[in-house]
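Numbering (UniProt numbering), first residue to last: 1 to 57. Backbone N, C-alpha and C define an ideal beta-carbon position, used for all residues, glycine too. Just so it is clear, the structure is predicted and the values come from calculations on it, not from any experiment. Below is one structure, written out as structure tokens, with a few remarks after it.
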Amino acid sequence: MKHLWGANWCIIGGPLVGPFSVRVTTLSTQSSLSARDVIPRNWSPKATHFTTQFHLI
Numbered sequence: 001m002k003h004l005w006g007a008n009w010c011i012i013g014g015p016l017v018g019p020f021s022v023r024v025t026t027l028s029t030q031s032s033l034s035a036r037d038v039i040p041r042n043w044s045p046k047a048t049h050f051t052t053q054f055h056l057i
């Protein structure tokens with residue numbers, strides 16, 4: 001994946017197969033939050049996914 005701008009990313013290459021894990025890191029403090037397998041196998045582009053799985057690292 002390639003970062004385009006803001007929260008937008010572009011898929012480079014073939015189709016991606018979930019589930020996906022996510023890690024978000026702040027620029028100011030370098031604190032990270034992670035969620036394992038938070039985006040399901042049956043995800044679709046432009047879909048919104050909600051979770052309560054985030055853990056401070």
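Taken in chain order, the whole beta strand (DSSP E) runs of length 3 or more contained in the UniProt domain "Expansin-like CBD" (1 to 51) are 2 to 5, 8 to 10, 20 to 25, 32 to 39.
The same chain holds no residue with a CB closer than 6 Å to that of F50 once the five nearest residues on each side in sequence are set aside. Taking the Cα positions, T29 is about 31 Å away from P45. The beta carbon of C10 is closer than 6 Å to those of K2, L4 in its chain, skipping five residues each way along the sequence. In this structure, R23 is the residue among L27, G13, R23, S31 with its C-alpha nearest to the C-alpha of I39.
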